[in-house]
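K.L.:
Numbering (this note's numbering), first residue to last: 301 to 449.
Input: one structure, supplied below.
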């Protein structure tokens, strides 16, 4: 692995020594950092829930996301989803009872997403079931709006 540290200068009759190369190759480091940056950018921009819903507009302030929150979505046809899993008709109370309530018994925050074309009564029926199951911390999700109603 030694790379000719000593060379002879035959014309002058003396031997000269070259210093060892002590450089760090940063190209692999830059490659790895760029790949990690791309992965981070792609995963951050992915939507949290895979149910496509056209949210109503509002000028309300954004709510902080917490890791223990549960997202419930109601699409334009009135179908209910817990996270990305569809809930069959009439099975919402059982699905809410099966939710993980944590080790300390504290209920998670519910994030309710409802399509803008839904009847007000359908969203209120879902909220009523949430209240009946004991979930009292419910956040409604909307899109941002630029004009006042």
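Beta carbons are placed, not taken as given, at the ideal position from N, Cα and C, and that holds for glycine.
All figures in this text were calculated on a predicted structure; none of them were measured in a lab.
Considering Cα atoms alone, identify which of 408, 444 and 318 is closest to residue 365.
P.N.:
For the residues 408, 444 and 318, the minimum Cα distance to residue 365 belongs to 408.
K.L.:
Take residue 412 as the anchor and find which of 435, 398 and 390 has the nearest alpha-carbon.
P.N.:
When each option's Cα is compared against that of residue 412, the closest is 435.
K.L.:
Mind listing, in chain order, the continuous alpha helix (DSSP H) runs of no fewer than 4 residues lying wholly within the stretch 325–371?
P.N.:
Runs found: 327–345.
K.L.:
Determine the DSSP secondary structure at residue 429, reduced to helix, strand or coil.
P.N.:
Looking at residue 429 - three-state DSSP - the assignment turns out to be helix.
K.L.:
Could you tell me the distance, in whole angstroms, from the CA atom of residue 335 to the CA atom of residue 341?
P.N.:
Taking the straight line from one Cα to the other gives about 10 Å.
K.L.:
Identify whether residue 379 lies in helix, strand or coil by the three-state DSSP scheme.
P.N.:
Residue 379 falls in the coil class under three-state DSSP.
K.L.:
Give a yes or no on whether the C-beta atoms belonging to residue 378 and residue 418 are separated by under 8 Å.
P.N.:
Yes, these two residues count as a Cβ contact at 8 Å.
K.L.:
Rounding to the nearest angstrom, what Cα-Cα distance links residue 332 and residue 423 in this structure?
P.N.:
Going by the C-alpha atoms only, they are around 47 Å apart.
K.L.:
Under 6 Å Cβ to Cβ from residue 383, same chain only, skipping five residues before and after it: list those, please.
P.N.:
Excluding positions up to five away in sequence, the list reads 371.
K.L.:
Hey, how far is the Cα of residue 443 from the Cα of residue 325?
P.N.:
So the alpha carbons of these two residues sit roughly 47 Å apart.
K.L.:
Is DSSP giving residue 407 helix, strand or coil here?
P.N.:
Correct three-state label for residue 407: coil.
K.L.:
Taking Cβ to Cβ, would you say residue 415 is nearer than 8 Å to residue 353?
P.N.:
Yes. Within cutoff.
K.L.:
If you draw a straight line from the C-alpha of residue 363 to the C-alpha of residue 344, how long is it?
P.N.:
Going from the Cα of residue 363 to the Cα of residue 344 covers about 17 Å.
K.L.:
With distance defined between alpha-carbon atoms, name the residue in 369, 381, 373 and 400 nearest to residue 356.
P.N.:
Residue 356 has its Cα closest to that of 373, out of 369, 381, 373 and 400.
K.L.:
Would you verify that the beta carbon of residue 379 is, or is not, closer than 8 Å to some beta carbon of chain D?
P.N.:
The chain inventory of the structure shown lacks chain D, comprising one protein chain alone.
K.L.:
Per DSSP, residue 374 is paired with what?
P.N.:
DSSP, once it has assigned bridges, lists 380 and 414 as partnering residue 374.
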